[in-house]
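Participant: Sharing a structure with you now.
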Amino acid sequence: MYLLDTTSTAAISIYALLLTAYRSMQALHARPIDGPAVSAEPVETRPLPAVDVIVPSFNEDPGILSACLASIADQDYPGELRVYVVDDGSRNREAIVRARAFYSRDPRFSFILLPENVGKRKAQIAAIGQSSGDLVLNVDSDSTIAFDVVSKLASKMGDPEVGAVMGQLTASNSGDTWLTKLIDMEYWLACNEERAAQARFGAVMCCCGPCAMYRRSALASLLDQYETQLFRGKLSD
Numbered sequence: 003m004y005l006l007d008t009t010s011t012a013a014i015s016i017y018a019l020l021l022t023a024y025r026s027m028q029a030l031h032a033r034p035i036d037g038p039a040v041s042a043e044p045v046e047t048r049p050l051p052a053v054d055v056i057v058p059s060f061n062e063d064p065g066i067l068s069a070c071l072a073s074i075a076d077q078d079y080p081g082e083l084r085v086y087v088v089d090d091g092s093r094n095r096e097a098i099v100r101a102r103a104f105y106s107r108d109p110r111f112s113f114i115l116l117p118e119n120v121g122k123r124k125a126q127i128a129a130i131g132q133s134s135g136d137l138v139l140n141v142d143s144d145s146t147i148a149f150d151v152v153s154k155l156a157s158k159m160g161d162p163e164v165g166a167v168m169g170q171l172t173a174s175n176s177g178d179t180w181l182t183k184l185i186d187m188e189y190w191l192a193c194n195e196e197r198a199a200q201a202r203f204g205a206v207m208c209c210c211g212p213c214a215m216y217r218r219s220a221l222a223s224l225l226d227q228y229e230t231q232l233f234r235g236k237l238s239d
């Protein structure tokens, strides 16, 4: 028993040491650095890229979906903006029917109703296939975005070497319980340390799904792989 306790303590100590070292290096490389602007050319003289916002929805609460779409409709982006709301075969289409009626006179909005549930990936791909904007912004149906998100993300895509950017995520109910507070902290670490450190080395493993913008030309060659990706031998969604 004594040997087992000693081994367990040593293993935990080594893990804690490695985790501390990893977090420290991550924080170090995630620190913002001064560098040249993305472009020296004034923003107003450059053509603004067309942006397609894709919102897949499945059995979403009507109020939550309405809040999501309202935040997208209120974007201050001066360029062309199109919004594709995809209902992924919801059993109750109250939310999507209500939203479609509300935005029926807004030419920026299009609604795609899939006949059956095919999963988030295929729902996104359905919208990508019907759109043509230079940039594609994925937004989850239970998320709301600040009024300047599209403008800020699109400005970062002014660098042709950038293929994807993501927004800062926060939990809207972070003050409710200790668990929601921890979730909010994890979002902050993921955006401001983990992805930031990975970006320093040009090796970002993934962008957070609730708010990520991609260059369409970068997506085009990967859509087939995205749709058929396997996880533990099964199709991943």
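One rule links them: number in our numbering = place in the sequence shown (from 1) + 2. Idealized CB from N, CA, C, for every residue including glycine.
CB-CB under 6 Å to residue 91, same chain, minus the five flanking residues each way: which ones, in chain order?
Facilitator: Cβ neighbours of residue 91 beyond the five flanking positions: 116, 118 and 119.
Participant: Work out the CA separation of residue 98 and residue 161 for me, nearest whole Å.
Facilitator: Roughly 36 Å separates the two Cα atoms.
Participant: Using the C-alpha atoms, what's the distance from residue 210 back to residue 131?
Facilitator: About 22 Å.
Participant: Write down every uninterrupted run of the beta strand (DSSP E) in the segment 93-176 whose length is 3 residues or greater and which is fully enclosed by it, in chain order.
Facilitator: The segment 93-176 contains these whole beta strand (DSSP E) runs: 111-115, 137-141 and 166-168.
Participant: Using a 10 Å radius around the Cβ and a threshold of 16 neighbouring Cβ atoms, would you call residue 215 buried or exposed?
Facilitator: The residue is buried, with at least 16 neighbouring Cβ atoms inside 10 Å.
Participant: Grab the span of the beta strand (DSSP E) containing residue 83 for me, first residue to last.
Facilitator: Residues 83-89.
Participant: Evaluate the contact criterion for the segment 170-190 versus the segment 99-109: three or more CB pairs, one atom per stretch, below 8 Å.
Facilitator: Contact between the segment 170-190 and the segment 99-109 is absent, because fewer than three Cβ pairs lie under 8 Å.
Participant: Nearest to residue 78 by alpha carbon, out of 155, 159, 203 and 150?
Facilitator: Minimum Cα distance to residue 78 is reached at 150.
Participant: Would DSSP call residue 215 helix, strand or coil?
Facilitator: Residue state, collapsed to three classes: strand.
Participant: By Cβ distance below 7 Å, which residues in the same chain neighbour residue 146 in space, the five residues on each side in sequence not counted?
Facilitator: Excluding positions up to five away in sequence, the list reads 69, 70 and 73.
Participant: Could you tell me which residues DSSP puts in a beta bridge with residue 51?
Facilitator: DSSP, once it has assigned bridges, lists no residue as partnering residue 51.
Participant: Are the beta-carbon atoms belonging to residue 84 and residue 137 less than 8 Å from one another?
Facilitator: Not a contact, by the Cβ cut-off of 8 Å.
Participant: Can you tell me whether DSSP reads residue 80 as helix, strand or coil?
Facilitator: Residue 80 falls in the coil class under three-state DSSP.
Participant: Quick one: any contact between the segment 187-205 and the segment 228-237, if contact means 3 or more CB pairs under 8 Å?
Facilitator: No, the segment 187-205 does not touch the segment 228-237.
Participant: When the Cα of residue 64 is compared with those of 95, 53, 169 and 52, which residue comes out closest?
Facilitator: It is 95 whose Cα lies nearest to the Cα of residue 64.
Participant: List the residues that DSSP assigns as beta-bridge partners of residue 73.
Facilitator: DSSP output for residue 73 lists no bridge partner at all.
Participant: Report back the beta-carbon spacing between residue 101 and residue 67 to the nearest angstrom; my notes put them in contact at under 8 Å.
Facilitator: Confirmed, about 6 Å.
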